[in-house]
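With the working numbering as the guide, the letters of the first sequence map in order to residues 143 to 340. For every residue, glycine included, the Cβ atom is placed at its ideal position computed from N, Cα and C. Step one of this worksheet: look at the structure below.
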Amino acid sequence: MPRRLPRSFYRRDPQTVARALLGHRLVRQVDGRRCAGVIVETEAYLGVRDKAAHTFGGRQTARNQTMWGDCGCLYVYFTYGMHHCANVVAGRAGDPVAVLLRALDPTDGLDAMRDRRQRDVDLCSGPARLCQALAIDRSLDGLDLVKSTKLFIEPPPSRSPAPQRIVTAPRIGVQYAGAWARKPLRYYVKGNPHVSRV
DNA sequence: AGAGTGATCATG
DNA sequence: ATGATCACTCTC
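Rendered as C-alpha cells:
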C-alpha cells in the first residue's frame with residue numbers, strides 16, 4: 143500500500159491545507175506507469191463567501207457536487223472548452239471549500255508527461271498543464287485521494303529536508319471577483335522554477 | 001495581445 | 001432554449 147495523507151489532513155480550513163500541501167507528492171498511476179511531482183503551488187477557495195469560488199453564494203450544481211462532499215476527494219472541472227483543473231476538497235462536509243493544484247515539480251514519469259503534453263517544457267506549471275501531464279480529467283472527479291491507488295498524495299520521507307520558504311500572493315485569473323481577487327490565497331515555494339508565474 | 005474551444009450556468 | 005462566461009494555454 144502506498145503512503146498517503148490521511149483524511150484528517152484535509153479536514154482543515156482551505157488556507158491551512160493549501161499551505162500544508164506544498165512539499166507533498168502528487169502520484170498518478172495510469173496504464174501501469176507512475177507519474178509524480180512535488181506540489182509547489184496551490185490556491186485556496188473559501189466556499190460560499192468567496193466570490194471567486196464555484197460554490198459562491200451557495201451554488202450547488204452538477205459540476206461542483208464534489209466540493210459539497212467529503213474532504214480528501216478530488217474535484218475536477220472542465221473549462222474554456224479544452225482544459226481540466228484539479229482541486230482537493232478540504233474542510234468539513236457541507237462546507238464547500240477546496241484547494242486548486244496549480245503546479246508540480248515533476249519527479250517521475252517525465253517521458254509520459256512529455257508525450258501527453260507534446261512538449262518538453264512546462265510539463266506541470268499551471269493547473270491545466272499538470273492535469274494534462276498526469277492524465278487527469280472529469281472521469282476522476284470525486285475520486286478519493288485517501289483510498290485510491292490511481293491518484294493519491296504521498297508525504298515526504300520522514301527524514302525530510304529543511305522546511306521550504308512559502309510565499310503568498312493574489313490568486314491568478316479571478317479578476318472578476320473584486321476584492322476577493324486581491325486576497326493572498328495563492329501559495330507557492332519561493333524560488334522554485336516550476337511555479338506557474340512569479 | 002488575441003484566438004481557441006465547448007461545457008456550464010443563469011436567465012427566461 | 002439561448003447567450004455569456006470561463007479558477008487556461010498557446011502563439012504571435
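Exercise. Which runs of the beta strand (DSSP E), 3 residues or longer, sit entirely within the segment 145–233?
Worked result: 167–172, 175–187, 216–221 and 225–232
Exercise. Okay, do the segment 313–322 and the segment 280–293 touch, 3+ Cβ pairs below 8 angstroms being the bar?
Worked result: no
Exercise. Could you give the C-beta distance for C215 and A275, rounded to a whole number, given that I count them as a contact under 8 angstroms?
Worked result: The Cβ separation is near 21 angstroms, so there is no contact.
Exercise. Where does Q317 land, buried or exposed, given buried means 16+ other C-beta within 10 angstroms?
Worked result: exposed
Exercise. Do three or more CB pairs link the segment 227–238 to the segment 173–193 at distances below 8 angstroms?
Worked result: yes
For this session: Could you check how far apart the C-beta atoms of V159 and V230 are, in whole angstroms? I think they sit under 8 angstroms.
Result: 7 angstroms
Exercise. How long is the line joining the alpha carbons of L293 and R301, rounded to whole angstroms?
Worked result: 24 angstroms
For this session: Decide if A251 is buried, meaning its Cβ has at least 16 other Cβ atoms within 10 Å, or exposed.
Result: Looking at the sequence shown, residue 251 is not Ala but Gly. The residue in question, G251, is buried, as its Cβ has 16 or more Cβ neighbours within 10 Å.
Exercise. Since L83 sits in a beta bridge, which residues does DSSP pair it with?
Worked result: One cannot answer for residue 83 here, as it falls past the ends of the chain, which runs 143 to 340.
For this session: For D250, verify whether its CB is less than 7 angstroms away from any heavy atom of the ligand HEM.
Result: This structure does not include the ligand HEM; it has no bound ligands of any sort.
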